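Numbering (my numbering), first residue to last: 13 to 134.
Yeah, the Cβ is synthetic: ideal placement off N, Cα and C, and Gly gets one too.
On a predicted model such as this, the values are computed, not experimentally measured, just so you know.
Note sheet for the following structure.
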């Protein structure tokens, strides 16, 4: 069965994240709501805007949104970081699992660049 999706369709989903994201939050668990991301499981956060994201062709296929590296992000609460969440003022937009890392309150952490990739249908 042949399948196809136009790049603009994939870009629309990525644009929703890029154009509305206001906060990148390091979390101690997988959040399923914005409240869990910004409060319940939040360890560190940084304000972001559209300039922190860039679109391109996907590494495998489709399209990708690259989230820029963030340096010296203040750690508000100590704990083990397991996820990073992207939020807008009212919604949890995207969650990415990360390599577990212990964070100490009062310190800072660096978040490397990472991608959200939407592949072409197969």
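DSSP beta-bridge partners for residue i?
i, result
"residue 125", "Paired residues: none, contrary to the question."
"residue 109", "95"
"residue 59", "35"
Spatial neighbours of residue i within its chain, please: C-beta separation below 8 Å, excluding the five flanking residues on both sides.
i, result
"residue 82", "36, 58, 60, 64, 122 and 123"
"residue 133", "15, 16 and 17"
Taking all protein chains shown into account, do 16 or more other C-beta atoms lie within 10 angstroms of the C-beta of residue i, making it buried, or fewer, making it exposed?
i, result
"residue 76", "buried"
"residue 119", "exposed"
"residue 68", "exposed"
"residue 21", "exposed"
"residue 43", "buried"
"residue 62", "exposed"
Suppose the cutoff is 7 Å on Cβ atoms and the five residues either side in sequence are ignored; what does the same chain contact list for residue i look like?
i, result
"residue 116", "87 and 90"
Inset, instruction - Specify whether the segment 81-96 and the segment 48-57 touch according to this definition: at least 3 beta carbon pairs, one from each stretch, less than 8 Å apart. - result: yes
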